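Asker:
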Amino acid sequence: MSEVAAVIDDLRDESNELDALVRGLTAEQWSAPTPAPGWSIAHQIAHLTWTDEVALLAATDADAFAGEAARAMEAPDSFVDRGAEEIVAALAPQALLARWRDGRERLEAALRNTPAGTRIPWYGPPMGVASMATARIMETWAHGQDVADALGVTRTPTARLRHVARIGVRARDYAYLVRGIKAPEEEFRVELRAPGGELVSFGAPDAPQRVTGPLVDFCLLVTRRAHRDDLAVRAAGPDADQWLDIAQAFAGPAGPGRAPRGGGK
12 MSEVAAVIDD LRDESNELDA LVRGLTAEQW SAPTPAPGWS IAHQIAHLTW
62 TDEVALLAAT DADAFAGEAA RAMEAPDSFV DRGAEEIVAA LAPQALLARW
112 RDGRERLEAA LRNTPAGTRI PWYGPPMGVA SMATARIMET WAHGQDVADA
162 LGVTRTPTAR LRHVARIGVR ARDYAYLVRG IKAPEEEFRV ELRAPGGELV
212 SFGAPDAPQR VTGPLVDFCL LVTRRAHRDD LAVRAAGPDA DQWLDIAQAF
262 AGPAGPGRAP RGGGK
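In the working numbering, the protein residues as written are 12 to 276.
1) Going along the chain, which unbroken runs of the alpha helix (DSSP H) with 4 or more residues stay wholly within the segment 81-164?
2) With a CB to CB cut of under 6 Å and the five nearest residues on each side skipped, what residues in its chain are close to Ala265?
3) Which residue from Ala146, Ala17, Leu122 and Ser51 puts its Cα closest to that of Leu68?
4) Can you tell me the Cα-Cα spacing of Ser142 and Thr129, whole angstroms?
5) Is Pro44 helix, strand or coil by DSSP?
6) Does DSSP put Lys276 in a helix, a strand or coil?
7) Mapping the DSSP letters down to three states, classify Ser13 as helix, strand or coil.
8) Opposite Arg200 in the DSSP bridges: which residues?
9) How would you write the range of the alpha helix (DSSP H) that Leu172 sits in, first residue to last?
10) Between Leu107 and Ala57, how many whole angstroms is the CB-CB distance? I'm expecting something under 8 Å.
11) I need the DSSP call for Arg23, collapsed to helix, strand or coil.
12) Could you tell me if Met138 is buried or exposed, where buried requires 16 or more neighbouring beta carbons within 10 angstroms of its beta carbon?
13) Quick test of the definition: if touching needs 3 or more C-beta pairs under 8 Å, does the segment 71-87 touch the segment 179-194?
14) Please report the straight-line C-alpha distance between Gly163 and Arg236, rounded to a whole angstrom.
15) Where do the ends of the beta strand (DSSP E) carrying Leu210 lie?
16) Which residues share a DSSP beta bridge with Arg245?
17) When you compare each of Gln40, Ser212 and Trp152 to Arg177 by their alpha carbons, which one comes out closest?
18) Quick one: any contact between the segment 30-48 and the segment 71-78, if contact means 3 or more CB pairs under 8 Å?
19) Buried or exposed: which applies to Glu25, given that a residue is buried once 16 or more other Cβ atoms fall within 10 Å of its Cβ?
20) Quick one: give me the first and last residue of the alpha helix (DSSP H) that Gln55 is part of.
21) Helix, strand or coil: how does DSSP classify Arg239 here?
22) Can you tell me whether Arg147 is buried or exposed? The criterion is at least 16 other CB atoms within 10 Å of its CB, across all chains shown.
23) Rounded C-beta distance between Ala218 and Glu202? I'm assuming under 8 Å.
24) Which residues in the same chain as Ile257 place their Cβ atom closer than 8 Å to its Cβ, once the five residues preceding and following it in sequence are excluded?
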């Protein structure tokens, strides 16, 4: 199996895990608030639906996507919320679930059929197929965390978290850029302990500034699903320490993030 196919398989599995969380919900549960202000569980799934459909457009019709991206840039702080709200307003929960399933299946097929070496346009730099699938894993996991939190469910961490961590590390300089801060010139060493005990690492082993901690905590940090004070992620070095305050794995505004529960781990 190719590396690209394996990443797409992981995207399918991540989506199926979230599907299992929501498929049996009542209409009242679909309306339940999540930690994202103003977003219900339905909004979370609608957002994934909208983003999968836009990713499909980017993978299959670059010109049409360019028009979509231009419209998004006219309202960079609201186009994501608007896309989710329009879908929620139009669809009952079961219709929303069916649309999400259809869109993600069509996106999976499109990514599998995209020729190797193709660069897919996006709201930031164009991405390869594996990177696009990785970005979709990150978003699916992050919004799935919002759903799990709303339902009071504790999810079992999986090896798929390495994709979330990878995109969080690769997006390091972007986190500085969107805040108008000059990024450090030197890379950091990032060492994360996966649930099974194995080490997931990024960067030069001898880099003087380092980030360490549990893999799942780092993923919660870079998706801004938990406050740094509540996580066991640690930094050695002033630049690495600053990064942990601003890290984000996704494009667009960072938003306010989550308030600390109090008393880090």
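Virtual Cβ for every residue (Gly too), placed ideally from N, Cα, C.
Here the structure is a predicted model, which is why all the values come from computation and not from measurement.
Answerer: Here's the rundown:
1) Within the segment 81-164, complete alpha helix (DSSP H) segments of at least 4 residues are found at 90-101, 104-124 and 140-162, given in chain order.
2) Here residue 265 is taken as the residue at index 254 of the sequence shown, counted from 1. Setting aside the 5 residues that flank it on each side, Ala265 is surrounded in the same chain by Gln259, each with a C-beta closer than 6 Å to its C-beta; the list follows chain order.
3) Here residue 68 refers to the residue found at position 57 when the sequence shown is read from its first residue. Nearest C-alpha to Leu68: Leu122.
4) Position 131 of the sequence shown holds residue 142. Position 118 of the sequence shown holds residue 129. If you take the alpha carbons of Ser142 and Thr129, they lie about 11 Å apart.
5) Numbered from 1 along the sequence shown, position 33 holds the residue referred to as residue 44. In this structure, Pro44 counts as strand in the three-state DSSP scheme.
6) On the sequence shown, position 265 is the one that residue 276 refers to. Any reading at Lys276 needs caution, since the residue's pLDDT is 41, under 50, leaving its predicted position unreliable; the model's value is listed next. Lys276 carries a coil assignment under DSSP once its states are collapsed to helix, strand and coil.
7) The residue labelled residue 13 in the question sits at position 2 within the sequence shown. Residue state, collapsed to three classes: coil.
8) Taking the first residue of the sequence shown as position 1, residue 200 is located at position 189. In DSSP, Arg200 forms a bridge with Arg221.
9) Within the sequence shown, numbered from 1, the residue matching residue 172 stands at position 161. Looking at the DSSP string, the run of the alpha helix (DSSP H) that includes Leu172 is Leu172 to Arg181.
10) Your numbering for residue 107 matches position 96 in the sequence shown. Your numbering for residue 57 matches position 46 in the sequence shown. Contact holds; Cβ gap of about 6 Å.
11) Locating residue 23 in the sequence shown gives position 12, where the first residue counts as 1. The answer is helix: DSSP assigns Arg23 an H, G or I state.
12) The sequence position of residue 138 within the sequence shown is 127, counting from 1. Under a 10 Å Cβ-count criterion, Met138 is classified as buried, with 16 or more other Cβ atoms of the shown protein chains found around its own Cβ.
13) Contact between the segment 71-87 and the segment 179-194 is absent, because fewer than three Cβ pairs lie under 8 Å.
14) Numbered from 1 along the sequence shown, position 152 holds the residue referred to as residue 163. Numbered from 1 along the sequence shown, position 225 holds the residue referred to as residue 236. Roughly 14 Å separates the two Cα atoms.
15) Residue numbering aside, residue 210 sits at position 199 when the sequence shown is read from its first letter. If you look at Leu210, you'll find it in the beta strand (DSSP E) that goes Leu210 to Phe213.
16) In the sequence shown, counting from the first residue as 1, residue 245 sits at position 234. Arg245 is bridged to Thr223.
17) The sequence position of residue 177 within the sequence shown is 166, counting from 1. That would be Ser212, whose Cα lies nearest to the Cα of Arg177.
18) Touching, no, given that fewer than three Cβ pairs across the two stretches are closer than 8 Å.
19) Indexing the sequence shown from 1 puts residue 25 at position 14. Classification for Glu25: buried.
20) Taking the first residue of the sequence shown as 1, we reach residue 55 at position 44. Per DSSP, Gln55 is one residue of the alpha helix (DSSP H) stretching across Ile52 to Thr71.
21) Mapped onto the sequence shown, residue 239 falls at position 228. Arg239: helix per DSSP, three-state reduction.
22) By 1-based counting over the sequence shown, the position of residue 147 is 136. Arg147 should be labelled buried.
23) Residue numbering aside, residue 218 sits at position 207 when the sequence shown is read from its first letter. Residue numbering aside, residue 202 sits at position 191 when the sequence shown is read from its first letter. In fact, because the Cβ distance is near 10 Å, the residues do not count as touching under 8 Å.
24) On the sequence shown, residue 257 is found 246 positions in, with the first residue counted as 1. Cβ contact annotation for Ile257 (same chain, cutoff 8 Å, sequence separation greater than five): Ala186, Tyr187, Arg190, Ile192 and Ala265, in chain order.
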